[in-house]
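Counting the sequence shown from 1 gives a position; this note's numbering is that position plus 770.
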Amino acid sequence: MSFRWMRIDQHTGTSWGNKKGRRTEDRFFEAMEVSFVKEMLEWVSDVCRASQKEDAKGIDAVIFTDVGKLFIQIKSSEAGAIKFQNGRHCRHRMIGVIIIREHHSTGDIREKAKTILTELRQSVLSVRGIE
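Below, the structure written as structure tokens:
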């Protein structure tokens, strides 16, 4: 039997990692406000948090585009991203992973998201035979 140690916040009862993850996700959604995203990527129509069902599949954000939904997993470390990419969620799905560090600015987050979303969209177009 193996045990995993977690730091628990005494006030909320949640693990430190969950709290940090939620804070990282909040920063992503603040940076991706729809009016800005529509200017940055004209093929994006909306950005929202994943539903519980989508979250269970490893999706944190759903981006509505001209090619359908694009999915994003938000991580705060490279180790977390690698673990996710090697895990059960990523095997048969196209889910982009964005790593957001505490020192990243809103502009940094937007540029990372733009790159990942553009790559995901291109992958969808390639699968459909549209270049």
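Here a beta-carbon is modelled for each residue, glycine too, at the ideal position from N, C-alpha and C.
Note down, in chain order, each residue of its chain lying with its Cβ closer than 8 Å to the Cβ of Val894, except the 5 sequence neighbours on either side. Val837, Gly838, Leu840 and Met864
Hey, how far is the Cα of Lys827 from the Cα of Ile842? 11 Å
C-beta contact flag for Ile869 and Ser847 at 8 Å: Yes, they are a contact pair.
Going by beta carbon distance, what residues of the same chain come within less than 6 Å of Gly783, once the five residues before and after it are set aside? With a pLDDT of only 49 at Gly783, under the threshold of 50, the placement of this residue in the model should not be trusted, and no figure is reported.
Determine the DSSP secondary structure at Asp836, reduced to helix, strand or coil. Collapsing the DSSP output to three states places Asp836 in coil.
So is Asp779 buried or exposed if we call it buried at 16+ other beta carbons inside 10 Å? Because the pLDDT at Asp779 is just 49, under 50, the model does not fix this residue reliably, and the point stays unresolved.
Could you give the distance in angstroms between the alpha-carbon of Ile879 and the alpha-carbon of Glu824? 22 Å
Going by DSSP, what residues sit across from Arg819 in a beta bridge? Beta-bridge analysis with DSSP links Arg819 to Ala831.
Return helix, strand or coil for Gly877, following the three-state DSSP convention. Three-state DSSP puts Gly877 in a helix.
If you run the structure through DSSP and keep just helix, strand and coil, what is Gly899? coil
When DSSP labels each residue in this structure, what does Ile870 get in the three-state scheme? coil
6 Å CB neighbourhood of Gly866 in its chain, flanking five on each side removed: Ile842, Ile886 and Leu890
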